[in-house]
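Participant: Have a look at this one.
Numbering (the numbering used here), first residue to last: 13 to 418.
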């Protein structure tokens with residue numbers, strides 16, 4: 013059976029869309045958004061109708077009928093932390109995307125996907141949002157209990173590249189230990205242990221390596237003094253960490269090709285800063301090898317910056333003693349989204365159910381057996397196994413609303 017999937021990837025200044033007929037892209041387009049157009053909206057969520065209309069117009073102009081689609085999938089937003097997987101866009105997910113804790117264009121992906129899907133009577137999905145959280149409990153501990161380490165990384169592209177490497181090596185992703193490094197405007201480095209990301213750097217808060225637009229981890233003492241210097245507002249300092257840090261702060265550009273051109277013209281400062289960025293990335297790769305206890309099958313380097321052999325060679329020179337290195341330049345989030353939707357349609361993967369901390373399905377609120385179901389789940393767990401099974405039972409109940417099976 014043949015399937016046709018629409019993939020939607022809203023970004024800060026563009027909306028990228030693609031239609032895949034089975035594994036082949038039959039249409040792709042990047043719809044650019046000017047600063048003037050975006051300035052008309054006070055919040056990102058207010059762009060919903062406008063972006064949706066642009067998508068539908070682009071499809072219609074290219075002779076693509078919505079009624080031919082088998083499913084619609086959007087980029088996941090800043091929702092509650094979730095395990096890796098494909099999630100059907102249900103009412104709870106819609107609620108959290110509309111009321112996300114942070115404004116980000118990716119929050120529109122699931123909203124637009126669901127609206128289009130409802131119009132034609134098919135399912136809408138998101139897959140591997142940046143908030144995928146599979147970290148080990150002790151990896152969350154920082155030196156301050158008020159500031160636990162959190163998982164925010166390029167989950168969609170990292171997971172897609174990891175699965176691609178697994179296919180190419182004729183192995184299962186769930187059988188491999190990998191370190192995956194995504195290098196774009198932000199850089200994240202993660203330890204993938206048998207299909208789960210047990211530790212990762214956090215690109216959203218600026219923790220981890222230096223990147224083109226993010227500061228990476230900073231010495232806390234001088235940073236605190238900067239905060240109380242009276243020279244900067246909170247917004248300005250946040251911008252210095254996320255958006256105007258890294259290469260932008262040092263060199264006034266986020267373009268690695270431009271920095272490389274400067275180096276060719278004997279700009280020694282540009283060379284020093286770029287090497288510093290690469291060195292910080294290499295150090296994080298080394299740290300993730302510790303998370304995997306040195307048992308690393310491969311190091312995978314991906315993202316736009318991976319197009320630069322000079323950058324990847326410098327990093328490899330510091331970490332090739334850990335494991336073989338494979339470079340996958342660029343990122344194809346639309347392809348990754350389409351592949352996830354197709355896997356569900358083909359029965360190769362099962363869509364997960366998203367559960368919100370703030371939203372409750374009215375039907376469940378009126379379910380008088382709610383408490384007894386939870387009690388039975390806990391009692392069965394306690395009677396049949398140890399504490400790990402108890403936690404699994406609790407987690408399964410709250411994520412699905414169903415009593416877990418023995």
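Backbone N, C-alpha and C fix where the C-beta goes; we use that ideal spot for every residue, glycine too.
If you're wondering where the values come from, they're calculated on a predicted model, not measured in any experiment.
Using DSSP bridges, identify the partner residues of residue 241.
Facilitator: According to DSSP, residue 241 bridges with nothing at all.
Participant: If you drop the 5 nearest sequence neighbours on each side, which residues of the same chain put their C-beta closer than 6 Å to that of residue 114?
Facilitator: Closer than 6 Å at the Cβ level, and outside the excluded window around residue 114, lie 90.
Participant: Along the chain, which unbroken stretches of the alpha helix (DSSP H) at least 4 residues long are found entirely within the stretch 50-117?
Facilitator: Listed in chain order, the complete alpha helix (DSSP H) runs (minimum 4 residues) inside the stretch 50-117 are 60-73, 103-110.
Participant: Pull up the DSSP beta-bridge partners for residue 195, would you.
Facilitator: Paired residue(s): 199.
Participant: Tell me the rounded alpha-carbon separation between residue 275 and residue 148.
Facilitator: Cα to Cα, the separation comes out at about 41 Å.
Participant: Please classify residue 170: is it buried, with 16 or more other beta-carbons within 10 angstroms of its beta-carbon, or exposed?
Facilitator: Under this definition residue 170 is a buried residue.
Participant: On the criterion of 16 or more Cβ atoms from any shown chain inside 10 Å, does residue 61 qualify as buried, or is it exposed?
Facilitator: Answer is exposed; the Cβ neighbour count stays below 16.
Participant: Out of 99, 345, 320, state which residue places its alpha-carbon closest to the alpha-carbon of residue 339.
Facilitator: Among 99, 345, 320, the Cα nearest to that of residue 339 belongs to 320.
Participant: With a Cβ-Cβ cutoff of 8 Å, do residue 271 and residue 263 count as a contact?
Facilitator: Against a cut-off of 8 Å, the Cβ pair of residue 263 and residue 271 comes out as a contact.
Participant: Of the residues 317, 301, 341, which one's Cα is nearest the Cα of residue 333?
Facilitator: The option with the nearest alpha carbon to residue 333 is 301.
Participant: Confirm, please, whether the CB-CB distance from residue 32 to residue 25 is below 8 Å.
Facilitator: Against a cut-off of 8 Å, the Cβ pair of residue 32 and residue 25 comes out as no contact.
Participant: Buried or exposed for residue 220, going by 16 or more other Cβ atoms inside 10 Å?
Facilitator: Answer is buried; the Cβ neighbour count reaches 16.
Participant: Smallest Cα separation from residue 250: which of 217, 345, 349, 34?
Facilitator: The shortest C-alpha separation from residue 250 is found at 217.
Participant: Where do the ends of the alpha helix (DSSP H) carrying residue 130 lie?
Facilitator: First-last of the alpha helix (DSSP H) with residue 130: 119-132.
Participant: So which of 248, 313, 192, 133 has the shortest CA-CA distance to residue 205?
Facilitator: When only C-alpha atoms are compared, the closest one is 192.
Participant: In angstroms with no decimal places, state the Cα-to-Cα distance between residue 153 and residue 234.
Facilitator: Roughly 22 Å separates the two Cα atoms.
Participant: Would you list the residues sitting across from residue 37 in a DSSP beta bridge?
Facilitator: Beta-bridge pairing links residue 37 to 32.
Participant: Can you give me the C-alpha to C-alpha distance between residue 362 and residue 98, rounded to a whole angstrom?
Facilitator: Their Cα atoms are separated by approximately 7 Å.
Participant: Taking only the alpha-carbon atoms, compute the straight-line gap between residue 18 and residue 82 and give it to the nearest angstrom.
Facilitator: Whole-angstrom Cα-Cα distance: 8 Å.
Participant: So what does DSSP say about residue 25, is it helix, strand or coil?
Facilitator: Residue 25: coil per DSSP, three-state reduction.
Participant: Tell me which residue opens and which closes the beta strand (DSSP E) that residue 353 is part of.
Facilitator: Looking at the DSSP string, residue 353 is not in any beta strand (DSSP E); the run it does join, the alpha helix (DSSP H), is 345-357.
Participant: Grab the span of the alpha helix (DSSP H) containing residue 420 for me, first residue to last.
Facilitator: Limits of the chain in this structure are 13 at one end and 418 at the other, which puts residue 420 out of reach.
Participant: Measure how close the beta-carbons of residue 127 and residue 64 come, nearest whole angstrom, since I'm counting them as under 8 Å.
Facilitator: Confirmed, about 6 Å.
Participant: Just checking: is the beta-carbon of residue 146 within a distance shorter than 8 Å of some beta-carbon in chain C?
Facilitator: Absent here is chain C; the protein component of the structure consists of one chain.
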